[in-house]
Amino acid sequence: MEDQTPQQPKTIENDEISLEMLSISDSTNNNNNNNINTHNSNIGHKWFDNIIEYQKENLSHQSNNIDQQRLFTQQYSEKRSFYLNEDNNSHTTPTTDPTVLKDFNQNVFSSSLTIYNRHQQFNNSSIPNGFMVSPFYYPIITPTSYQYSPPRCKSCNSFINIYCKLTSSSSSSSTSTSTNSTASTNKQTQQQTIKKDQWKCSICHFENIIDDGKSGVRNILDVVTGLGWWNTDHYKSVFSNESFDIKKKKSDPVDNSTSFHQQQHLTGMSIDESLLPTTATATNNRSTYLSATGDKPLYNTYFFLIDENISTKDLDIIRQSIQRFIKELPTNTFISLITFSKNISIYELHSSSSTADNSNNILFTSARLIGGSQSLPLDYKRDLKAKYRKYFERVDKDGQVRLFDAAFTSIVENSENNGDQVVYESKPISLGVAIECSLALVPTQELINGRMFIYLNGSPDYGPGAVPLKFSGSSSVFSNDQTMEEQLMLNNAYIYYKELGIKSYHKGISIDLSFMGYNDFSCPTLLGLTQPSGFINYSLPIQDNDRVSMLYDNLKNSVDKNTALYAKLDIYKPEFVELTHIIGPTIDKESNNNKDYPNYFKSFNQDIFKNDNQQQQQQDDQDNQETGFIISNLQQDICFSIYYKTLEDIPNDYVCFQFVTNIINQNGERISRVITKRIKTTGNFDKYLSSLDFNVISILLSKRIVLESLKLLSQPSSSSSQPKQKQLLLNQTISQYLQYQLDKQLGSIVLSCSKVEKGWWFGRKTVTVSDRMKSFIRKIYSMRKSLVYGSTVQNQDDLVIFQSILLHSNYLDSIKLLYPKLLQFNLITKEFRNIPLDNCSINQDSILMLDSFCTIYILIGTNVFEKVQNGDQLKDLYSYIDILKSYRIPSPFIITFNQDQNEVRWLRSILNCSDSYPIDERIEIIKEIYPNINIDSSNIKQFDSIFPSDDQTPAQYERYIISTL
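Heads up: the sequence shown is residues 1 to 965, going by full-length UniProt numbering.
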């Protein structure tokens, strides 16, 4: 027999079978004597050895990349300055700022680089150990489809990944036998010594056997099924990185050209087939999408709900922003307009329901009036659903909705809050019934990518979900004069709006709230509306020129940043790890099982594994393990905070976690995004402390505290079961409560991570705090003045908005909210410098920028203002701001002022006052801000602030925390 070298396995495309697999089948079926020749025993080993070498090489590169990424993140947090590089001589951007770096990876951040392997001390440390998972941070780019998905562990069902251990049979097997032995002895010896190719799961360490295509083969189809994924090139993507995307090849492709007539009943609206989107527009997030089954065209529908109490000026601003938004919508989009106060007006926008005077080109519209005193009766719902076509207008080929524009113009012209009255008497607001009317107009429960934009002028005080007005804007968590009836009203309102939000989500509708003006809105009560998949923003008359653009950006980004139609996150972990909390946009299990839930979401697994019974069974087993949850908000920037603890001591050197996001993208394709994180274990507690990421830990700690406060705000009556907590919060502002909880939990962390010695004198203890934990105390000190903790926020609604944004924010956005950076811009060199957040940086020669995520503050000193009146010298600054605010939800306010204007108080409230700092520490701060000025103790008084500060210094705060231990 000639020496034949086995060929590399070929990729299976379009159900083709490689020649190598055919030779395996022939040699196996023709072997009748149970004798294994040398060629057949080695075939398949070389290709597997090549895979092993490929994995080892990339595993080494992966470890280096992780170290570099961690180093970069640390440098970004600690670096004192960075510069701008030229970009085509048009504008400049900071090259070390991750907000403008496309390759900055924040898919998964861990609270530490190591895990302490002693579970009792690990859990008692009070450190919020966990992960920040951003499943959509990188765009969902459709990967190459394969006939076979990567192998999954038969024990825990996780995917094979770069951290799994591959073992080749060629390196450990032995086929030599004694020539004097009998045939039966030879067979027994071979069975004991020959090992099969296998891979060990990195999660549960189960050893999975790899079918080499020879054992038990009866026909060619069995060969293909046996070897499957291992005979494709897909292993290169799986073993090249800790994250990869999978797309299962569809077995029954659908002809989209014939699907329209088959499923036109989904909307019942008359649409010409010629108006259906082309292939080029099918990828646009605001175009027509195929449903999850691939054969149902679904049309986007947007509802605009307008409070009749909004001022005429604000109504006109809203109208302009909506017109800009609608002009960019495709022609197969449907628009609805509803106004509400004591009654609800549903405008009839269908052409057959309105008349037009062609001679004068005047459009006349009518509206259906519904009372808002009680929930929508069942017969009203049926009637609206039967006649829903009357209340929608389709965007025409010119991007116009003429009836909608005419109706909105009449609303603006007839507004009673037009400024003529000295004091405008607000009408009652029945928000809940207006939302019920909108949901009744949804033609089918399989409508997806619908959105409801609500513009509100005050707290809903009428009908179901009414809020007692005297408590809507209270800055305290509880109040002494709350009656039981008023507590019951608040609690019922919260439950009512939460159920409305879940019902909207089940119908494929997301709800966005826009608060117009400085009124009270009872934001904690309304949170349930937006929690599943929407967001809250506010529009204030600070700079009217930007308000139209801000509202337009919020409309546009809420649609453009929607990354998928459906997603579910599954978490795979070792048995000795228990998940304790998950904070992020999801809905509870009872809501998931709602009978109104779209059917194609339920059939997600059945369709993706249509012709693969084995993987279907594995997927069913996975669902029964209850390791996953539905991602209700599909915006690109959302994040899940996942907390865990260990149940026993860890015997392994590494612990792996796997996060699998199952996605239905905009084209109805099923994609699974797999991310595996490996963390080293250690038995040295000091080494574990040194590996902590204080940025991630402070974010996880803040999210946990904020969530607890929002629960207390939203459900005040539930506090009766916690009398001590209620007494503590009585007449206490939210910011005071947040800072109290932060200090309390910080003290627990420091105490558990410090050396405690009990003395002989009355059992007094001595606590020795390490320098590492002292640095953590100072980091928390700088975080306490952020907007999230409310020391500078006067309005409860604003504070709740900041907190709700933090709960779903990813790593970079959370850093902006908790640790905003102060940048100094140099007009000559066009450089940005990251300087300390101190009040002495404000002067008449400064150009400063501070990005707190919701607001970007720009200070231009009076001496500099005259030089930059033409605006050209600041174009680099504003170009960078445009990059920062692009695709941000909500769109930030841009506030420009000088050091003498009233708006400077907002910047001063965020900055520290170092007047009372130790002299050496203060000199160091001032030198960082003014490196060209010679500073010493003799001239330092010139930098004293004219506004006295009662804040603690970092040293005082450190002593305060240590004294409470």
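Glycine residues also receive a C-beta, built at the ideal position from the N, C-alpha and C atoms.
- Evaluate G584 with the Cβ neighbour count: other Cβ atoms within 10 Å of its Cβ, from every protein chain shown; 16 or more gives buried, anything less gives exposed. By the 10 Å Cβ count, G584 comes out buried.
- Task: To the nearest angstrom, report how far apart residue 976 and L384 are at their CA atoms.
- Result: Residue 976 is absent from the structure shown; the chain starts at 1 and stops at 965.
- What is the DSSP secondary structure of T525, counted as helix, strand or coil? Three-state result, T525: helix.
- Proximity below 8 Å, CB of L315 to CB of T365: No, these two residues do not count as a Cβ contact at 8 Å.
- Item | Own chain partners of Y552 with C-beta closer than 7 Å, once the 5 adjacent residues on each side are dropped | S321, R324, F325, listed in sequence order.
- Use the C-beta contact count for T953: other C-beta atoms within 10 angstroms, 16 or more gives buried, fewer gives exposed. It is buried - the Cβ of T953 has at least 16 other Cβ atoms within 10 Å.
- Message: Between which two residues does the alpha helix (DSSP H) holding G747 run?
- Response: Residues 734-752.
- Roughly how many angstroms lie between the CA atoms of T38 and S169, to the nearest whole one? Its pLDDT being 36, under 50, T38 is placed unreliably in this model, and the coordinates cannot settle the point.
- Message: Spatial neighbours of N208 within its chain, please: C-beta separation below 7 Å, excluding the five flanking residues on both sides.
- Response: For N208, same chain residues with a beta-carbon under 7 Å away, outside a window of 5 residues either side, are P151, C153, K154, Q198, W199, C201 in chain order.
- So what does DSSP say about V706, is it helix, strand or coil? Helix, per DSSP.
- Is the beta carbon of S938 within less than 7 Å of some heavy atom of the ligand FMN? Inclusion of the ligand FMN in the displayed structure is not the case, the ligand content being empty and no account of it being possible.
- Query: Ordered along the chain, which non-local residues of its own chain (more than five positions away) have a Cβ less than 7 Å from that of I961?
  - Reply: Cβ within range, chain order: D743, L746, G747, V750, I777.
- Query: Taking the alpha carbon of I536 as the point to measure from, which residue in N667, L701, L456 has its own alpha carbon closest?
  - Reply: By alpha-carbon distance to I536, the top candidate from N667, L701, L456 is L456.
- Quick one: Cα of T766 to Cα of T167, how far? C-alpha of T766 to C-alpha of T167: approximately 53 Å in a straight line.
- Please name the residue or residues paired with L851 in a DSSP beta bridge. The displayed chain sequence assigns Asp, not Leu, to residue 851. Paired residues: I856.
- Determine the direct distance from the alpha carbon of D876 to that of Q400, and round the result to whole angstroms. A direct Cα-to-Cα measurement between Q400 and D876 gives close to 36 Å.
- Message: To the nearest angstrom, how far is the alpha carbon of I935 from that of I925?
- Response: Taking the straight line from one Cα to the other gives about 10 Å.
- What residues are listed by DSSP as bridge partners for R394? According to DSSP, which records beta bridges pairwise, R394 is partnered with F334.
- Task: Specify whether the segment 688-700 and the segment 124-135 touch according to this definition: at least 3 beta carbon pairs, one from each stretch, less than 8 Å apart.
- Result: With the cut-off at 8 Å, the segment 688-700 and the segment 124-135 touch.
- With a cut-off of 8 Å on the beta carbons, I'd call L806 and V706 a contact; round off their distance for me. V706 and L806 do touch by the CB rule: their CB atoms are close to 6 Å apart, below 8 Å.
- Message: Per the DSSP calculation, N107 is bridged to which residue(s)?
- Response: DSSP links N107 through a beta bridge to no other residue.
- Query: Does the Cβ-Cβ distance between T862 and Q844 come in under 8 Å?
  - Reply: Contact: yes.
- Task: Compare the C-beta of V868 with all C-beta atoms of chain B and state if any pair is closer than 8 Å.
- Result: Among the chains of the structure shown, chain B does not appear; only one protein chain is present.
- Message: Taking 8 Å as the threshold (C-beta atoms), are S522 and S459 in contact?
- Response: Cβ atoms of S459 and S522: closer than 8 Å.
- Do you know how far the Cα of N300 is from the Cα of C753? Distance between the alpha carbons of C753 and N300: 53 Å.
- Are the segment 557-567 and the segment 479-499 in contact at 8 Å, needing three or more beta carbon pairs? By the Cβ rule, the segment 557-567 does not count as touching the segment 479-499, because fewer than three pairs are nearer than 8 Å.
- Nearest to N684 by CA position, among I115, V108, E53, is which residue? Of the candidates I115, V108, E53, the one whose C-alpha sits nearest the C-alpha of N684 is I115.
- Does the segment 324-339 touch the segment 415-431, meaning 3 or more C-beta pairs lie closer than 8 Å? No, the segment 415-431 does not touch the segment 324-339.
- Item | Where I923 falls: helix, strand or coil (DSSP) | Of the three classes helix, strand and coil, the one that applies to I923 here is helix, per DSSP.
- Have a look at the DSSP bridge pairing and note the partners of N537. For N537, DSSP records a beta bridge to S514.
- Message: Please report the straight-line C-alpha distance between N414 and D379, rounded to a whole angstrom.
- Response: Looking at the two C-alpha atoms, the distance is approximately 31 Å.
- Query: Do D570 and V655 have their C-beta atoms closer together than 8 Å?
  - Reply: No.
- Query: Do the CB positions of L837 and L822 come within less than 8 Å of each other?
  - Reply: Cβ distance < 8 Å, so L837 and L822 count as in contact.
- Query: Tell me which same chain residues have a C-beta within less than 7 Å of the C-beta of G371, skipping the five on either side of it?
  - Reply: Same-chain partners within the cutoff: N343.
- Message: By the three-class DSSP mapping on this structure, what secondary structure does I370 have?
- Response: Here I370 sits in strand by DSSP.
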